[in-house]
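*Asks:*
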Amino acid sequence: MQYSAMPIRLFRNRILPMDGKLHIILFIASINVYFTRYDFLEMAPPDTVLAGYDKIAPLWLLTAYVATVIKTSTPQRDNIAELFYIQLGLLATIFSEIIQMVPHILTYIPSNGFLLITHVSYSIAFGAYRGTRVSNILFFLMCLCGFLSIQVQIKSYTIKAFVMCYSVLLGNSAWRAATRFQDEKTIGTCISWIGAMLFIYSDYVFAYNKWAHPIENCRFLVTLTYYAAHFGIALGETLKFRANKINLEFLIWNRPYFM
1 MQYSAMPIRL FRNRILPMDG KLHIILFIAS INVYFTRYDF LEMAPPDTVL AGYDKIAPLW
61 LLTAYVATVI KTSTPQRDNI AELFYIQLGL LATIFSEIIQ MVPHILTYIP SNGFLLITHV
121 SYSIAFGAYR GTRVSNILFF LMCLCGFLSI QVQIKSYTIK AFVMCYSVLL GNSAWRAATR
181 FQDEKTIGTC ISWIGAMLFI YSDYVFAYNK WAHPIENCRF LVTLTYYAAH FGIALGETLK
241 FRANKINLEF LIWNRPYFM
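Be aware that the sequence shown starts at 1, since it is given in the UniProt record's numbering, and climbs by one per residue.
Structure representation (structure tokens):
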């Protein structure tokens, strides 16, 4: 019986940070409101201020969650700078969404410029590469193949160059998260890696639907994984910050844990 309560105690006291739980609940609730108010399976949300606010509301709440963890933390934490970069990435994403609300063709470049800042910030937060040279090359080739599979249908060379740079940044952040998880094997690094991979999935589905071949329910899949990616990265980094000693191998493979 003493082991049966372990998952609950671990979940309540160690895995989820005590500060900012209200922001997480409101984040999930705001996403439900956004998907309920606009039927993504039928049509795109209207280009209105209300629809734009509904889209960025979850990101504001996620930013507030990270800010709460930073505010209530002790300055002795050696990885508090990582949370500042996560917060910077979330703020850059919010500015990107705000710019997209402006009905003008010239907003495309600054909007996507903020997205580049987002992924650069996430890459810095994930830290340096920890993989071997061969594994780094293989991952780069995988990202290159993904870019080549959609670039044929892109007519503008400017857009091709941007998509290529964006693909490199996506692959860079995801690979940094993957090698860090392989090195540390903690719950936080695992969730951050999943979030980074969801970004690749979300943006690749969006690009493939736009330039290669239409995908059924693409808008719903892209939006859902878009929020899940940000949430995974933010939650994973705060878990790494608050409970860096929780080892994933213990949670999965220690047999008394399941008894």
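Think of the CB as a built atom: it goes at the ideal place given N, C-alpha and C, for glycine as much as any other residue.
All values derive from a computational prediction rather than experimental measurement.
1) What separation, rounded to the nearest whole angstrom, lies between the Cα atoms of residue 231 and residue 209?
2) With C-beta atoms as the reference, is residue 177 less than 8 angstroms away from residue 126?
3) For the region 57 to 70 against the region 18 to 36, are there 3 or more C-beta pairs whose distance is under 8 angstroms?
4) In chain order, what residues of the same chain have a beta carbon less than 6 angstroms from the beta carbon of residue 85, not counting five sequence neighbours either side?
5) Can you give the Cα-Cα distance for residue 80 and residue 169, rounded to whole angstroms?
6) Just to confirm my understanding: we take residue 233, look at its own chain, exclude 5 residues before and 5 after, and list those with CB closer than 7 angstroms. What are they?
7) Where does residue 186 sit, in a helix, a strand or coil, going by DSSP?
8) Using alpha carbons as the reference points, say which of 98, 70 and 224 lies closest to residue 198.
9) I need the straight-line Cα distance from residue 222 to residue 156, nearest angstrom please.
10) Return the chain-ordered ranges of every alpha helix (DSSP H) run that is complete within the region 184 to 236 and spans a minimum of 4 residues.
11) I'd like to know whether the C-beta atoms of residue 94 and residue 68 end up nearer to each other than 8 angstroms.
12) Would residue 219 and residue 51 qualify as a contact pair, given that the criterion is a beta-carbon distance under 8 angstroms?
13) Quick one: Cα of residue 266 to Cα of residue 53, how far?
14) So, for residue 207: in the same chain, excluding its five sequence neighbours on each side, which residues have a beta-carbon less than 6 angstroms away from its beta-carbon?
15) For residue 22, count neighbouring Cβ atoms within 10 angstroms of its own Cβ and tell me buried if that reaches 16, exposed if not.
16) In this structure, how does DSSP classify residue 241 when only helix, strand and coil are distinguished?
17) So, at 8 angstroms on beta carbons, what are the nonlocal neighbours of residue 91 in its own chain, with the 5 sequence-adjacent residues on each side left out?
18) Using three-state DSSP, classify residue 86 as helix, strand or coil.
19) Give the straight-line distance between the Cα atoms of residue 4 and residue 228, rounded to the nearest whole angstrom.
20) Measuring CB to CB, does residue 83 end up less than 8 angstroms from residue 184?
21) Give the DSSP-derived three-state secondary structure of residue 54 in the structure shown.
22) Using a Cβ-Cβ cut-off of 6 angstroms (strictly less than) and excluding sequence neighbours within five positions of residue 188, which residues of its own chain qualify?
23) State the DSSP-derived secondary structure class of residue 114, mapped to helix, strand or coil.
24) Which same chain residues end up closer than 6 angstroms to residue 34 when comparing Cβ atoms and leaving out the 5 residues on each side of it in sequence?
*Replies:* With the structure as the only source:
1) Rounded to the nearest angstrom, the two C-alpha atoms are 24 angstroms apart.
2) The Cβ-Cβ distance between residue 177 and residue 126 falls below 8 angstroms.
3) With the cut-off at 8 angstroms, the region 57 to 70 and the region 18 to 36 touch.
4) Taken in chain order, the residues that qualify are 121, 124 and 125.
5) Spanning the two alpha carbons is a distance of roughly 23 angstroms.
6) Excluding positions up to five away in sequence, the list reads 86, 122, 192, 195 and 196.
7) If DSSP states are grouped into helix, strand and coil, residue 186 belongs with the strands.
8) Of the listed residues, the one whose Cα sits closest to residue 198 is 224.
9) Using only the alpha carbons, I get a separation of about 23 angstroms.
10) Secondary structure within the region 184 to 236: the alpha helix (DSSP H) runs of 4 or more consecutive residues, fully enclosed, are 187 to 207 (chain order).
11) Their beta carbons are not under 8 angstroms apart, which means residue 94 does not touch residue 68 by this criterion.
12) In this structure, residue 51 does not lie closer than 8 angstroms to residue 219 by Cβ.
13) Lying before the first or after the last residue shown, residue 266 is absent from the chain, which here runs from 1 to 259.
14) 150, listed in sequence order.
15) That one is exposed.
16) Residue state, collapsed to three classes: helix.
17) Hits under 8 angstroms: 63.
18) The three-state reading of DSSP puts residue 86 in helix, counting H, G and I together.
19) Residue placement at residue 4 is poorly supported in this model, since its pLDDT is 40, which falls under 50; the coordinates are not used for a value here.
20) The criterion of a C-beta distance shorter than 8 angstroms is not satisfied by residue 83 and residue 184.
21) The answer is helix: DSSP assigns residue 54 an H, G or I state.
22) Answer for residue 188: 236, 239 and 240, listed in chain order.
23) Residue state, collapsed to three classes: helix.
24) Within the same chain, residue 34 has close Cβ partners 54.
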